[in-house]
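Visitor: Before I ask anything, let me first share the structure, which is written out below as structure tokens.
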Amino acid sequence: MGEDTGRASGSALPISVDRRLLGGEGLGLGDLSEFDDEGITLEEEAADFRTHNFHTGNIMVSVYEAGPGKVRIDGSVYDEFITILEGRLILTPDGGGEYEYQAGDSLVVPKGYQGGWEMPERYRELIVVDTEFMREDPEGSG
-14 MGEDTGRASG SALPISVDRR LLGGEGLGLG DLSEFDDEGI TLEEEAADFR THNFHTGNIM
46 VSVYEAGPGK VRIDGSVYDE FITILEGRLI LTPDGGGEYE YQAGDSLVVP KGYQGGWEMP
106 ERYRELIVVD TEFMREDPEG SG
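Structure representation (structure tokens):
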């Protein structure tokens, strides 16, 4: 299946979310440097992660898969909708508490979230991210 842009002859078209990719087949190797400007710090040695981006526009729709790992988020730069496809996610916000989610659960991590993000085992998620942070002018001149 080729890259799906969602546009043909100037009109918007539906974009398929391939079930094989949701199942982890055919995901490409990710690059940890993509998180450099997102307030994310590795707390444990991270295993390689795999990903596939289905669409980037006003939202970004991607599937992400990683081995066990733990990161710290110092103020998420975007709102993120998540459906967990495999594994568990444990969030420990700085304000207290522990929130555990498992395969089949959906949640929203709001912009500004600060705290721990732990994936205690192999983990795969479908995410929808507001891309406003990508469009903001870092110099404040636009």
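FYI, the numbering for the sequence shown is -14 to 127, going by the numbering used here. Built from N, CA and C at the ideal position, the CB exists for glycine as well. Since this is a predicted model, take the numbers as computed values, not measurements.
1. Would you please verify whether the beta carbon of G100 is less than 9 angstroms from any beta carbon of chain D?
2. Quick check on this structure: which residue in K96, E110, V62 has the alpha carbon closest to the alpha carbon of G9?
3. As a quick exercise: from G72, G97, G82, pick the residue whose alpha carbon is nearest that of Y63.
4. Distance, Cα to Cα, Y134 vs T116?
5. To the nearest angstrom, report how far apart D16 and W102 are at their CA atoms.
6. From this set, D59, G81, P53, which residue's C-alpha is nearest R130's C-alpha?
7. Using DSSP with H/G/I as helix, E/B as strand and the rest coil, what is R120?
8. In chain order, what residues of the same chain lie with their CB nearer than 8 angstroms to the CB of D33, ignoring the 5 residues before and after it?
9. Beta-carbon within less than 7 angstroms of S47's beta-carbon, same chain only, minus the 5 sequence neighbours each way: which residues are those?
Guide: To lay it out plainly:
1. Within the model displayed, chain D is absent; a lone protein chain is all it includes.
2. Within the sequence shown, residue 9 is the residue found at index 24, counting from 1. Comparing Cα positions, the closest option is E110.
3. Numbered from 1 along the sequence shown, position 78 holds the residue referred to as residue 63. Selected option, being the one with the closest Cα: G97.
4. Residue coverage of the chain in this structure runs from -14 to 127, which leaves residue 134 outside it and unanswerable.
5. The residue given as residue 16 occupies position 31 in the sequence shown. The residue given as residue 102 occupies position 117 in the sequence shown. Their Cα atoms are separated by approximately 18 angstroms.
6. As shown, the chain starts at -14 and ends at 127. That puts residue 130 outside it, with no answer to give.
7. Along the sequence shown, one-based indexing puts residue 120 at 135. It is helical.
8. Position 48 of the sequence shown, counting from 1, holds the residue named residue 33. Listed in chain order, the non-local C-beta contacts of D33 below 8 angstroms within the same chain comprise L14, G15, A51, G52, local neighbours out to five positions each way being set aside.
9. Here residue 47 corresponds to residue number 62 of the sequence shown, with the count starting at 1. Here the set comprises T36, H37, N38, F39, I112.
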